[in-house]
Amino acid sequence: MARILLGWELGANRGHWVRLSAIARRLAEQGHEIALAAQRLSGGFELPERVTQWQAPVWPRLLGSVGPMGGPAPNTMGDILVRMGLDGEDVLPSLIQGWEAIFAAFRPDVVVADFAPALLCAVRGRCASIIVGSGFDTVPATLASFPSMTGQPAAYGEAEALDRINRGLSQSGRAPLERFPQMFEADRVLPGTFAELDFHARWRTGPVVAPSVAHPVGEAGEGEEVFLYADSSLLRTAPLWDGLVRAALPTRVYAQGASAAQHTELEKLGLRVERQPIPFAEIARRSRVVMSYGGLGFTSSALAAGVPSVVVHYDLEKRLNGEAITRLQLGGHVYAGAIQADAFATSLRQLYQNDSFQRRARELALSFRERLYPTQEEMAVQALGELLA
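Residues in the sequence shown are numbered from 3 upward in steps of one, following the working numbering.
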């Protein structure tokens with residue numbers, strides 16, 4: 003049996019925990035010794051006793067005490083990494099040192115990296131590695147440079163960033179990179195997404211695998227509701243709630259992390275409020291339109307169930323998912339910070355009343371459902387077996 007380290011550094015979505023906990027359970031059932039080093043250890047997922055949990059090395063701007071970086075908004079993945087800490091000379095060596103301490107304690111035979119570029123730098127040349135994740139964060143390492151996700155040029159110079167990275171790698175006893183995207187190099191890469199949602203599709207040299215969806219998605223029924231899956235950021239977006247009220251549509255809400263007082267305020271607006279998560283299959287059965295902040299798991303579930311989506315996004319990854327949904331003519335998207343209540347209400351009613359969205363969503367649903375299997379987690383376990391053989 004092997005010793006397998008699962009590591010997650012960046013990204014805040016629940017999907018990272020969904021994916022890694024499922025992989026950990028499957029590997030533990032096979033008798034492997036597993037360590038899961040996560041950005042945060044409050045995933046709320048049960049893990050077998052034989053899975054050891056570690057705190058992963060933390061990128062500086064995930065810490066509230068460090069604060070956000072000023073300057074322009076990111077346009078590329080390189081910009082995101084610079085803003086997360088690679089503008090500093092000592093950040094990458096410190097992250098590598100943290101991973102080296104975990105390596106010394108656990109001695110992995112294989113590493114599975116989920117949006118963990120510093121881990122990939124640390125493990126390069128040490129043992130085999132696999133990348134799992136979404137299409138957004140499994141960047142093709144063969145790229146000469148990171149492509150723009152917005153149509154605007156990179157906000158931060160890649161050459162300068164690469165120089166800092168290579169100085170850090172040299173300090174840590176690692177070979178330099180030729181190109182910035184090589185931070186995402188691994189022996190196996192498993193991008194979990196539908197090709198239609200994959201920003202990097204045109205640059206990939208291999209296929210995508212299924213997105214991580216940990217629940218039955220069901221199928222669209224004859225429901226008449228609008229269902230909104232909100233998070234803390236959307237809870238603070240007052241024009242969204244004003245627009246929902248003005249749309250005057252039957253709306254049900256599940257707000258992740260909402261307090262009892264916030265539930266009461268939403269009910270006062272005339273919304274039906276769920277205090278606990280409900281099965282997606284039930285959402286699909288009774289919803290005419292679903293809305294969310296654009297997480298890949300929820301968006302993929304809606305595609306597979308055949309329900310039109312509205313993505314209310316506030317970061318670059320969710321914006322790309324929303325743009326893809328709009329391109330597919332399966333819904334729409336809007337930046338949370340730009341919502342104007344009246345215009346939002348009008349657009350939502352138009353989408354809700356337009357039967358062509360429902361017809362198209364149902365026509366394409368079977369193709370998406372068929373591509374949910376085999377799961378990304380199953381493919382990761384298979385790839386690990388091949389690397390260990």
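Where a beta carbon is used, it is the ideal one built from N, C-alpha and C, also for glycine.
No experiment lies behind these values; they were computed from the predicted model shown.
Under 7 Å between C-beta atoms of residue i and residue j
{"i": "residue 133", "j": "residue 120", "result": "no"}
{"i": "residue 38", "j": "residue 24", "result": "no"}
{"i": "residue 108", "j": "residue 7", "result": "yes"}
{"i": "residue 298", "j": "residue 193", "result": "no"}
{"i": "residue 225", "j": "residue 307", "result": "no"}
{"i": "residue 141", "j": "residue 79", "result": "yes"}
{"i": "residue 273", "j": "residue 253", "result": "yes"}
{"i": "residue 94", "j": "residue 167", "result": "yes"}
{"i": "residue 292", "j": "residue 309", "result": "yes"}
{"i": "residue 312", "j": "residue 333", "result": "yes"}
{"i": "residue 343", "j": "residue 189", "result": "no"}
{"i": "residue 176", "j": "residue 249", "result": "no"}
{"i": "residue 182", "j": "residue 160", "result": "yes"}
{"i": "residue 143", "j": "residue 184", "result": "yes"}
{"i": "residue 112", "j": "residue 386", "result": "yes"}
{"i": "residue 13", "j": "residue 58", "result": "no"}
{"i": "residue 339", "j": "residue 296", "result": "no"}
{"i": "residue 163", "j": "residue 84", "result": "yes"}
{"i": "residue 156", "j": "residue 74", "result": "no"}
Rounded separation between residue i and residue j - CA only
{"i": "residue 381", "j": "residue 269", "result": "43 Å"}
{"i": "residue 235", "j": "residue 195", "result": "24 Å"}
{"i": "residue 2", "j": "residue 11", "result": "Any question about residue 2 goes unanswered here, given that the chain covers just 3 to 391."}
{"i": "residue 34", "j": "residue 52", "result": "9 Å"}
{"i": "residue 146", "j": "residue 81", "result": "15 Å"}
{"i": "residue 197", "j": "residue 375", "result": "14 Å"}
{"i": "residue 30", "j": "residue 50", "result": "7 Å"}
{"i": "residue 290", "j": "residue 257", "result": "19 Å"}
{"i": "residue 172", "j": "residue 178", "result": "7 Å"}
{"i": "residue 281", "j": "residue 369", "result": "21 Å"}
{"i": "residue 305", "j": "residue 363", "result": "7 Å"}
{"i": "residue 233", "j": "residue 128", "result": "39 Å"}
{"i": "residue 174", "j": "residue 209", "result": "33 Å"}
{"i": "residue 247", "j": "residue 302", "result": "27 Å"}
{"i": "residue 56", "j": "residue 100", "result": "11 Å"}
{"i": "residue 32", "j": "residue 5", "result": "12 Å"}
{"i": "residue 124", "j": "residue 283", "result": "41 Å"}
{"i": "residue 88", "j": "residue 102", "result": "19 Å"}
{"i": "residue 372", "j": "residue 180", "result": "39 Å"}
{"i": "residue 264", "j": "residue 203", "result": "40 Å"}
{"i": "residue 260", "j": "residue 328", "result": "29 Å"}
Per DSSP, the bridge partner or partners of residue i
{"i": "residue 39", "result": "9, 56"}
{"i": "residue 193", "result": "135"}
{"i": "residue 130", "result": "112"}
{"i": "residue 293", "result": "230, 312"}
{"i": "residue 276", "result": "256"}
{"i": "residue 211", "result": "194"}
{"i": "residue 335", "result": "313"}
CB-CB length for residue i against residue j, believed under 8 Å
{"i": "residue 300", "j": "residue 231", "result": "6 Å"}
{"i": "residue 275", "j": "residue 251", "result": "So it is not a contact: roughly 15 Å between Cβ atoms."}
{"i": "residue 135", "j": "residue 148", "result": "So it is not a contact: roughly 16 Å between Cβ atoms."}
{"i": "residue 241", "j": "residue 346", "result": "7 Å"}
{"i": "residue 222", "j": "residue 286", "result": "5 Å"}
{"i": "residue 91", "j": "residue 169", "result": "7 Å"}
{"i": "residue 151", "j": "residue 330", "result": "The pair is not a contact, with the Cβ atoms about 18 Å apart (cut-off 8 Å)."}
{"i": "residue 341", "j": "residue 239", "result": "7 Å"}
Below-7 Å beta-carbon distance, residue i vs any chain D residue
{"i": "residue 165", "result": "No chain D appears in this structure, which consists of one protein chain only."}
Are three or more beta carbon pairs between the segment 368-386 and the segment 311-319 nearer than 8 Å? With a cut-off of 8 Å on Cβ pairs, the segment 368-386 is not in contact with the segment 311-319, counting fewer than three such pairs.
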